[in-house]
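S.K.: Mind having a look at this structure? Questions to follow.
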């Protein structure tokens, strides 16, 4: 495909956005930007330093690797595993709701997307970060389905957690994300709603690829 577009994928926690976005980006030869990981990296930095958020932002340097691992680096250190810790998960919604944090990272994300050919996922990509994205998708799935997916991921990382705890965490995260004052989680008016509850990863991927091809063809 000769021309390139920007693809914004939004949705609640554990909806599969990152997994799908990585696959779609690889398939299209696009750059994948995990905005959630960026907010987690800032949260990790705040937790590690013990300083206030305002005193931390100037010290934050976030970069993504271009290899198949899609690792994220915070100030030169690979923190791909650390940002998924329960402590970061418990604090990221509060940190990411702060205006100064969002403004700092949104500016960084827009600069990255300026040349097109970006797949970006998060909570407010289609509504706030990239409102002009040519393709916007809002992925959703039930809290139970999302908790089961997260449980599998945690077990693969060797983290011991029960399903009921994950369900409650996800419901709480949804409430925080949807009711926060700055850029709350919501579907953009022109976004395509995609319920992935009963879809395989391959089905979701092929559906979004088809959508992208239709946009590129002007259909």
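In our numbering, the protein residues as written are 17 to 235. Here a beta-carbon is modelled for each residue, glycine too, at the ideal position from N, C-alpha and C. Given the structure is predicted, the values throughout are model-derived calculations rather than measurements.
Starting from the N-terminal side, write out each stretch of the alpha helix (DSSP H) that is 4 residues or longer and does not extend beyond the stretch 78 to 123.
M.R.: Entirely contained in the stretch 78 to 123, the alpha helix (DSSP H) runs reaching 4 residues are, in chain order, 102 to 112.
S.K.: What's the call for residue 217, buried or exposed, on a 16-neighbour Cβ count within 10 Å?
M.R.: Looking at its Cβ environment, which holds fewer than 16 other Cβ atoms inside 10 Å, residue 217 is exposed.
S.K.: Along the chain, where does the beta strand (DSSP E) that runs through residue 154 open and close?
M.R.: 151 to 156 is the extent of the beta strand (DSSP E) around residue 154.
S.K.: Return the bridge partner residues of residue 138 from the DSSP annotation.
M.R.: Answer is 26.
S.K.: Between which two residues does the alpha helix (DSSP H) containing residue 47 stretch?
M.R.: That residue, residue 47, is in no alpha helix (DSSP H); its beta strand (DSSP E) goes 47 to 50.
S.K.: Can you tell me which of the three DSSP states residue 176 falls into?
M.R.: Coil, per DSSP.
S.K.: With distances taken between CB atoms, is the gap from residue 154 to residue 138 smaller than 9 Å?
M.R.: Taking 9 Å as the Cβ cut-off, residue 154 and residue 138 do not qualify as a contacting pair.
S.K.: List the residues that DSSP assigns as beta-bridge partners of residue 209.
M.R.: 154.
S.K.: State the CB to CB distance for the pair residue 54 and residue 36, rounded to an integer number of angstroms; the pair is presumed to be in contact (CB under 8 Å).
M.R.: Not a contact, Cβ separation roughly 18 Å.
S.K.: Taking the CB atoms as reference points, tell me whether residue 23 and residue 57 lie closer together than 9 Å.
M.R.: Their beta carbons are not under 9 Å apart, which means residue 23 does not touch residue 57 by this criterion.
S.K.: I believe residue 144 touches residue 122 by the beta-carbon criterion, under 8 Å. Please report the beta-carbon distance rounded to the nearest angstrom.
M.R.: Sure, about 7 Å apart at Cβ, within 8 Å.
S.K.: With distances taken Cα to Cα, identify the nearest neighbour of residue 63 among 73, 125, 103.
M.R.: Residue 103 is the option with its Cα nearest to residue 63.
S.K.: Keeping to the same chain, check which residues put their C-beta closer than 8 Å to that of residue 46; ignore five residues upstream and five downstream.
M.R.: So the list reads 20, 23, 40, 133, 134, 135, once near-sequence residues are dropped.
S.K.: Candidates 203, 44, 88, 114: which alpha carbon is nearest residue 72's?
M.R.: Minimum Cα distance to residue 72 is reached at 114.
S.K.: Among residues of its own chain, excluding the 5 on either side of residue 225, which ones have a beta-carbon nearer than 8 Å to its beta-carbon?
M.R.: Excluding sequence neighbours, residue 225 sits near 40, 43, 44.
S.K.: Just to confirm, are residue 118 and residue 199 a CB contact at a threshold of 9 Å?
M.R.: Yes, the Cβ-Cβ distance between residue 118 and residue 199 is below 9 Å.
S.K.: For residue 95, is the classification buried or exposed, using 16 other Cβ atoms within 10 angstroms of its Cβ as the cut-off for buried?
M.R.: Label assigned to residue 95: buried.
S.K.: Determine the closest residue to residue 84 out of 38, 111, 190, with distance taken between C-alpha atoms.
M.R.: Nearest C-alpha to residue 84: 38.
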